[in-house]
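Colleague:
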Ligand SMILES: [Zn+2]
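Residue numbers (this note's numbering): 2 to 464.
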């Protein structure tokens, strides 16, 4: 068992639960934010400013003073600090992005930017990724302001632009140019964790993210001798590229367990009554994954590196051998797996194909024995006593990567209770993204409870 508090900073007495106004607001804010179209296609046309102004007004309303920050006009970020009661406690960052991925209305049952509330469900792009969390953050801190609640730690709220593309106008810009706004923050919480995962047999699991794989988007370039398509040519760039791409696609990456993934396997195995110790060096991870059933999807993408060829381009005429051929590969790297990833790619591409990073982002690992992690578990289990929390590692990345440059340890904690039939992973960037009102109510209750009760010391327990 992890300690839930450290000696220097005992936890605060619990305040009362969230009020009806906060419950109403979390639904209204989610719906209003969905109606503000912030689709980010990564082509520079997204404008988060109307959503940022909406958020800023909700804060200003209750006396919280936000700052609005832009690197590019219209690509607006909002940051606000709520002063905690204990100036010696570490600050905590709570961040949510304001942009969403695009949506094609013709594919949807309800218009993706309608924010319609129908039969107790809020519909639209951003309902789970992650205007719901933005709304929960606002509803919680507005209630604190109304009722005079002060959290122990300073809470820094950041509503960011551009998360769904490169973060250059969002968290990347904030980390590089506005570090002072995040002073004292040791930990951060944000998306992609603490949602209900239905594991079968009525079991509800809440995976809390304590790590992210790194991103390695690669460009492969094969060179050869250009010439007539009818002649013998052993230096064909297209063939060389195709060989390399097929070796990469077929490669079996070895299992490399990080502490977070090991903890995830151990706890999932225990929940499913499987007698396996993932600490043993000879543990057969793939066999264990098979026994975990649906729960395997929580860990399977993060037990090893991956590299998937995704784009190919070469040639301009069927009877001309081009001198060059290019491919793109989406690589993902487990924390600590970077060196092995590079040497493996060198070997797989071979001497005639060069490769380089087109875009790279670091992998992250956060301690699962920290007082904050214990407080996250406690908050969820308080409002869903039959639910079970487990740590997990995200297969992709979030703004936490950018904030990690400021020394902020990132967790995926965006609490959401979903009934059976709501598959979070399918809704995420999916068609008919939607969230039950009850789920939002659960989320704001858990978030509020966590933020008020999280111990003031953001350092992991030792000893
Ligand atoms: Zn997101």
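Cβ atoms here follow ideal geometry from the backbone N, Cα and C, with glycine treated the same way. Quick caveat, the model's predicted, so the values are computed rather than measured.
#1: Residue range of the beta strand (DSSP E) that residue 160 falls in?
#2: Using 7 Å as the cut-off, classify the Cβ of residue 331 as near or not near the heavy atoms of ligand 1, replying yes or no.
#3: Between residue 131 and ligand 1, is the CB less than 7 Å from at least one heavy atom?
#4: Excluding the five sequence neighbours on either side, which residues of its own chain have a C-beta within less than 7 Å of the C-beta of residue 405, listed in chain order?
#5: Taking the alpha-carbon positions, what's the residue 31 to residue 140 distance?
#6: Does the region 333-343 touch the region 197-209, meaning 3 or more C-beta pairs lie closer than 8 Å?
#7: Could you check how far apart the C-beta atoms of residue 277 and residue 376 are, in whole angstroms? I think they sit under 8 Å.
#8: With 16 as the cutoff for other CB atoms within 10 Å, does residue 78 come out buried or exposed?
#9: For residue 81 versus residue 407, is the C-beta distance shorter than 8 Å?
#10: Does any heavy atom of ligand 1 sit closer than 7 Å to the C-beta of residue 98?
#11: Between residue 50 and residue 163, is the Cβ-Cβ spacing less than 8 Å?
#12: Is residue 300 closer than 8 Å to residue 266 when the C-beta atoms are compared?
#13: By DSSP, does residue 220 sit in helix, in strand, or in coil?
#14: Name the DSSP beta bridge partners of residue 429, please?
#15: Please determine whether the Cβ atom of residue 164 lies at a distance below 7 Å from any heavy atom of ligand 1.
#16: Should residue 192 be counted as a contact of ligand 1 given a C-beta to heavy atom distance under 7 Å?
#17: Measure from the alpha carbon of residue 44 to the alpha carbon of each residue in 170, 354, 34, then state which is nearest.
#18: Is the CB-CB distance between residue 83 and residue 152 below 8 Å?
#19: Are the beta-carbon atoms of residue 183 and residue 157 separated by less than 8 Å?
#20: Rounded to the nearest angstrom, how far is the Cβ of residue 469 from that of residue 311, given a contact under 8 Å?
#21: Enumerated in chain order, which unbroken segments of the alpha helix (DSSP H) with a length of 4 residues or greater are wholly contained in the region 272-322?
#22: In whole angstroms, give me the CA-to-CA distance for residue 296 and residue 318.
#23: Please report the straight-line C-alpha distance between residue 450 and residue 271, rounded to a whole angstrom.
#24: Nearest to residue 194 by alpha carbon, out of 374, 100, 422, 457?
#25: Classify residue 258 as helix, strand or coil using the three-state DSSP reduction.
#26: Mind reading off the beta-carbon distance from residue 155 to residue 238? Whole number of angstroms is fine, and I expect it under 8 Å.
#27: With H, G and I counted as helix, E and B as strand and the rest as coil, what does DSSP make of residue 197?
#28: Would you tell me roughly how many angstroms separate the C-alpha atoms of residue 280 and residue 288, rounded to the nearest one?
#29: Taking DSSP as the reference, what is the three-state secondary structure of residue 379?
#30: Counting only runs of 4+ residues fully inside the region 129-186, write out the alpha helix (DSSP H) ranges in chain order.
#31: Return the first residue and the last residue of the alpha helix (DSSP H) that residue 440 is part of.
#32: Going by DSSP in three states, residue 88 sits in which element: helix, strand or coil?
#33: How close, in whole Å, do the beta carbons of residue 466 and residue 216 come, if the pair is a contact with beta carbons under 8 Å?
#34: In whole angstroms, give me the CA-to-CA distance for residue 461 and residue 212.
#35: Just to confirm the assignment, what range does the alpha helix (DSSP H) spanning residue 61 have?
Modeller: According to the data block:
#1: Looking at the DSSP string, the run of the beta strand (DSSP E) that includes residue 160 is 156-161.
#2: Between ligand 1 and residue 331, a heavy atom-to-CB distance of less than 7 Å is absent.
#3: Correct: residue 131 has its Cβ closer than 7 Å to ligand 1.
#4: Here the set comprises 363, 365, 411.
#5: Between residue 31 and residue 140, the C-alpha separation is close to 10 Å.
#6: These segments do not touch.
#7: Cβ-Cβ separation between residue 277 and residue 376: approximately 29 Å, too far for a contact (criterion under 8 Å).
#8: Buried, because 16 or more other Cβ atoms sit within 10 Å of the Cβ of residue 78.
#9: The beta carbons of residue 81 and residue 407 sit no closer together than 8 Å.
#10: Yes, Cβ of residue 98 sits closer than 7 Å to a heavy atom of ligand 1.
#11: Contact: no.
#12: For the 8 Å CB-CB criterion, residue 266 and residue 300 form a contact.
#13: Of the three classes helix, strand and coil, the one that applies to residue 220 here is strand, per DSSP.
#14: In DSSP, residue 429 forms no bridge with anything.
#15: Yes, Cβ of residue 164 sits closer than 7 Å to a heavy atom of ligand 1.
#16: Yes; taking the cut-off as 7 Å, the Cβ of residue 192 has a heavy atom of ligand 1 nearer than that.
#17: In this structure, 170 is the residue among 170, 354, 34 with its C-alpha nearest to the C-alpha of residue 44.
#18: Residue 83 places its beta carbon less than 8 Å from that of residue 152.
#19: Their beta carbons are under 8 Å apart, which means residue 183 touches residue 157 by this criterion.
#20: The structure shown has nothing for residue 469, since the chain only spans 2 to 464.
#21: The DSSP assignment places complete alpha helix (DSSP H) segments of no fewer than 4 residues inside the region 272-322 at 286-292, in order along the chain.
#22: Between residue 296 and residue 318, the C-alpha separation is close to 49 Å.
#23: If you draw a straight line from the Cα of residue 450 to the Cα of residue 271, it comes to about 27 Å.
#24: For the options 374, 100, 422, 457, the alpha carbon positioned closest to that of residue 194 is the one of 374.
#25: In this structure, DSSP gives residue 258 a state outside helix and strand, which the three-state scheme calls coil.
#26: Incorrect: roughly 57 Å between the Cβ atoms, too far for contact.
#27: Residue state for residue 197 is assigned as coil, using DSSP reduced to three classes.
#28: Residue 288 has its alpha-carbon roughly 15 Å from the corresponding atom of residue 280.
#29: Looking at residue 379 - three-state DSSP - the assignment turns out to be helix.
#30: Fully enclosed alpha helix (DSSP H) runs of 4 or longer: 132-148, 172-178.
#31: Here the alpha helix (DSSP H) through residue 440 covers 438-454.
#32: Here residue 88 sits in coil by DSSP.
#33: Outside the modelled stretch of the chain, which goes from 2 to 464, sits residue 466, for which no answer is possible.
#34: Confidence in residue 461 is poor, its pLDDT being 45 and thus under 50, which makes the residue's placement unreliable; the coordinate value appears in the next sentence. Put simply, the backbone Cα of residue 461 is about 15 Å away from that of residue 212.
#35: Residue 61 -> alpha helix (DSSP H) spans 50-61.
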